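**Q** Our numbering numbers the first residue of the sequence shown as 34 and each following residue consecutively.
Questions regarding the structure given below will be posed in turn.
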Amino acid sequence: MGKKLTQLTINPTLDSDKQAALKAEFADCGIVRIFDFLNTEGAEELSRCLHHGTSFNNAFFLNHQNREASDEQIAQLPNAQRREMYQAIYQLAAQGQGFLYGRHKASDSSPAIIDEALKMINDEACLSVIKHITGDDELSHADGQATRYRVGDFLTRHIDNLPGETRKYAYVLGLSPNWHPDWGGLLQMFEPDGTPTQSYMPIYNSLTLFDVNKVHSVTSIAPFSPASRYSLTGWFRS
Ligand SMILES: O=C(O)CCC(=O)C(=O)O
Ligand SMILES: [Fe+2]
């Protein structure tokens, strides 16, 4: 017999008062955090799956292209070529460009709980909360991917609003328990001129929601971090 699927639901205590407060904060700052986003069991199962049951590819920016390669593919490269690859990634990063992190794009072969999480995010119960908080009635759906930042992984300063895309709001659901701010992996916001403003450390089962025009980065994971940073992230789209 197959294992019973864990139900995923949006936190039922997110009542109209809490939503009104989040709406006001979003209007003010263009970013909010919804704590205890999923039901406890749902968050636990999703977190467990990302830690132990999900395959990630390394995503990186190299030679002006977004690339993906598995750990095995990178390990198979001749040593000199692998060294050159990381050197090129870091050289770009030193100039504030590019990224290196683990990505699992949702697909038919994703673990069932990832599929359930994306269904739940697209469910009217959740979509209507996001529409209410952002004051944007035109949202139609959200996409999603699982991400993993290991020691040394990073995502340099950027905006998510890509030309020709329908992204309106980015979301990041933290799924790493007991993160320590000194471990890095902070979602860092910036003024358009590059001055750092607020930073958000990963908080387990909190959904950070922000306008795609806001400049942000994910700071690199410290060499001494004992844990990787896992999230479910994506964009609400019109
Ligand atoms: O993981 C995060 O906190 C943000 C990720 C992000 O900015 C992106 O994938 O574009
Ligand atoms: Fe981003």
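Backbone N, C-alpha and C fix where the C-beta goes; we use that ideal spot for every residue, glycine too.
Remember, it's a predicted structure, so these values are computed and weren't measured experimentally.
What beta strand (DSSP E) runs, 3 residues minimum, are completely inside the stretch 115-188?
**A** 132-138, 178-182
**Q** Quick one: Cα of K56 to Cα of D170, how far?
**A** 13 Å
**Q** Excluding five sequence neighbours on each side, which residues of the same chain lie with their C-beta closer than 7 Å to the C-beta of Q178?
**A** R136, H137, K138, A139, T266, G267
**Q** Counting contacts by CB-CB distance shorter than 8 Å, is R200 in contact with chain C?
**A** Reference to chain C is not applicable here, since this structure consists of a single protein chain.
**Q** Can you give me the start and stop residues for the alpha helix (DSSP H) that K51 sits inside?
**A** 49-62
**Q** What is the rounded straight-line gap between the Cα of F223 and the Cα of K37?
**A** 44 Å
**Q** Among the residues of its own chain, which have a CB less than 7 Å from the CB of V65, if the five just before and after it don't count?
**A** L55, E58, F59, I166, L242
**Q** On the CB-based measure, 16 or more other CB atoms within 10 Å of its CB, does F68 come out buried or exposed?
**A** exposed
**Q** In chain order, what are the residues with a CB under 7 Å from some non-hydrogen atom of ligand 2?
**A** L188, H191, D193, A203, H249
**Q** On the CB-based measure, 16 or more other CB atoms within 10 Å of its CB, does D48 come out buried or exposed?
**A** exposed
**Q** Quick one: what does DSSP say E198 is sitting in, helix, strand or coil?
**A** coil
**Q** Is any non-hydrogen atom of ligand 1 found closer than 7 Å to the C-beta of T46, if you look at the structure I gave you?
**A** no
**Q** Identify, in the order they occur along the chain, each residue of the same chain with its Cβ nearer than 7 Å to the Cβ of A126, setting aside the five sequence neighbours on each side.
**A** F187, T189
**Q** With burial defined as no fewer than 16 other Cβ atoms inside 10 Å of the residue's Cβ, what is the status of M34: buried or exposed?
**A** Interpretation of M34 is limited by its pLDDT of 49, a score under 50 that renders its predicted location unreliable; the figure taken from the coordinates is listed afterwards. M34 is exposed by the Cβ-count criterion.
**Q** Count the other C-beta atoms from every protein chain shown that fall within 10 angstroms of the C-beta of K201, then say buried if there are 16 or more, exposed otherwise.
**A** buried
**Q** Can you list, in chain order, the stretches of the beta strand (DSSP E) that have 3 or more residues and sit fully within the stretch 74-119?
**A** 90-95, 98-102
**Q** Determine, using beta carbons only, whether G217 and T252 come nearer to each other than 8 Å.
**A** yes
**Q** Between L160 and I43, what straight-line distance do the alpha-carbon atoms span, to the nearest angstrom?
**A** Those two C-alpha atoms are separated by around 10 Å.
**Q** Give every residue of the same chain whose Cβ lies closer than 6 Å to the Cβ of P214, excluding the five residues on either side of it in the sequence, and list them in chain order.
**A** Taken in chain order, the residues that qualify are M234.
**Q** Ligand 1 and V65: does any heavy atom of the ligand fall closer than 7 Å to the residue's C-beta?
**A** no
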